[in-house]
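Quick note: the sequence shown, position 61, residue 63 per the numbering used here, numbers continuous. Shown next, in structure tokens, is the structure this report addresses.
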Amino acid sequence: MSVLLIFLTLALLIVGAWRGVSVLILAPLLATLAAAISGTPVFAGYTQIFMQAAGGFVVAFFPLFLLGALFGKVMEASGAAARLASAIAAALGPQNAILAVVLACGLLTYGGVSLFVVAFAAWPLAHALFVQTGLPQRLIPATIALGAFTFTMTALPGTPSIQNAIPMATFGTTAFAAPGLGLIAGAIMLALGLVWLQWRVRALSADRVAAVTNTATVAGSMPLWRAAAPILSVGVVTLVMGSVVLPLLDTGYLADPEYGATELSRVRGLWSVIAALAVALMLALFLSRPAQLMKTLNEGAESALLPLFNTASLVGFGAVIATLPGFEIFRQSLDGLAGGNVLISAALSSAALSGITGSASGGMSIALDVLGPSIVAQAAIQGVDPALLHRVIAVATGGLDTLPHNGAVVTLLGICGMTHRQAYGDIFVVAVVVPTIACALIVTLGMMFGSF
């Protein structure tokens, strides 16, 4: 019964999100309901568990959300994002419209632009290309999702995404953890996602409309190097900060209680990404010079709040679920499936929590908060490289997170003017099924060859 309660609340969360109810309302309501039914203290569950977990997430990751949103807004308002997307589309040609949109979204997200901003920026380009080539427009959301929600979010080494940043503190790793496995997972996601979308184009041939040849994408007048430089700087600065600059600094003060009684290895990755996004933002401001600068920055700052608090609310929901009696039974069943292997257990647990919360970052935060110490201890006993755990957990959370109640899914469908019924099926394949296959593959490779 207690396990059934977890799945019941998850089902209600999905149904509510499907019908357009905000997770800011749904998450605390359903968490409170679950606590009440299970017999745990309701008020204590809300203030001491839900709010503590949600607040902790905001405190830890507000800088990444803020800098990412500011950077994305500047790239959008200045036309730099559209310039990059149009350049990729022009280079590949209209006949490769799906690939062009996927790569444009991938470049922007790998460069540090928030996936919410990418969805807004990519929609006009995708719509124009799909109209030009007569492709079924119901595939636009899945095409954008493949580029923005999958390989650049969790797999590619060096990505400044929040999903790649969260494990760094637990495992003392950097954004480039297990680069070989990350590249393999990313390649699998991209290849299988494109295969599916191309197959769907053929399957939906009856839905194709006549191509409109007089509709052209606007490349813009900004020099391409000025649009690309801020994006390219993110990976370079992340690597240099983590490998060269920070290790040279005297950070002994981190051992003091006022600084969290920690060490550089625990914060190096996060500091590197913060520095990289800050540099990229300054470069974007200098090179692109968006009109109405203060208005752009204010809108960027405000746009960080909804995704931040949506995710934090889902983190709070998951934290409450993790305290229910049924969750321990559920976790033990996952451990049983893993056969005692810490790599498989970590992947299953983080994936399940991401599915429950509808958020990769939310599920990962709860998994590492609740299970992190035991995962680290088991990994040490079994001789598993922390970098391998970092990459596997990141990829694992990028699968089941994209269920119908995922905030990015709801936002993307709204931007494209489509319903779950029209477009979610293809999103499910490219952003849930395919990443899960990629995760299974790198878990197997990691067990066979270790981290590389």
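We put the CB at the ideal spot given by N, CA and C, even for glycine.
Nonlocal neighbours in the same chain, by C-beta distance under 8 angstroms from Leu101, ignoring five residues either side: Leu94, Leu196
Glu260 in three-state terms, based on DSSP: It is helical.
Buried versus exposed, by CB contacts within 10 Å (16 or more), Gly184: buried
Where Thr413 sits in the DSSP three-state scheme: helix
Cβ contact (3+ pairs, closer than 8 angstroms) linking the stretch 138-151 and the stretch 120-129: With a cut-off of 8 angstroms, the stretch 120-129 and the stretch 138-151 count as touching, because enough Cβ pairs lie within range.
Pairwise C-alpha distance: His392 and Ala442: 15 angstroms
Integer-rounded CB distance, given that Ile383 should sit under 8 angstroms from Ser352: Contact doesn't hold; Cβ gap of about 19 angstroms is too wide.
Val238 burial status per 10 Å Cβ neighbour count (16 or more: buried): exposed
Rounded distance between the beta-carbons of Ile331 and Val5, thought under 8 angstroms: The distance from the Cβ of Val5 to that of Ile331 is about 5 angstroms, consistent with a contact at the 8 angstroms cut-off.
C-beta atoms of Phe59 and Val275 nearer than 8 angstroms: No, Cβ-Cβ distance for Phe59 and Val275 is not below 8 angstroms.
Beta-carbon gap between Pro181 and Pro162 smaller than 8 angstroms: Not a contact, by the Cβ cut-off of 8 angstroms.
Residue from Ile16, Leu131, Leu355 with nearest C-alpha to Ala99: Leu131
Cβ pair count under 8 angstroms reaching 3, the stretch 287-302 against the stretch 240-253: Remark: fewer than three beta-carbon pairs, one from each stretch, lie closer than 8 angstroms, so the stretch 287-302 and the stretch 240-253 are not flagged as touching.
Reference Arg228, options Pro292, Ala71, Gly427, Val432, closest by Cα: Pro292
Beta-carbon gap between Phe73 and Leu310 smaller than 8 angstroms: no
Same chain, Cβ closer than 8 angstroms to Ala221, five either side skipped, listed in chain order: Summary for Ala221: the model assigns pLDDT 47, below 50, so the residue's position carries little reliability; its value from the coordinates is reported in the next sentence. Arg85, Ser88, Ala89, Ala92, listed in sequence order.
Residue from Gly57, Leu28, Pro30, Leu7 whose Cα sits closest to the Cα of Gly41: Leu7
Option in Asp387, Ile358, Pro437 with minimal Cα separation from Met449: Asp387
Helix, strand or coil at Asn408 [DSSP, three-state]: coil
Sub-8 angstroms separation of Glu265 and Leu279 beta-carbons: no
Start-to-end residues for the alpha helix (DSSP H) that takes in Ser352: 344-359
Any 3 or more C-beta pairs closer than 8 angstroms across the stretch 334-344 and the stretch 21-36: no
Through-space distance from Leu194 to Leu105, alpha-carbon basis: Between Leu105 and Leu194, the C-alpha separation is close to 14 angstroms.
Contact set for Ser116: own chain, Cβ-Cβ below 6 angstroms, skip 5 residues either direction: Gly70, Ala71, Gly74
Inter-stretch contact at 8 angstroms, needing at least 3 Cβ pairs: the stretch 363-383 / the stretch 407-427: no
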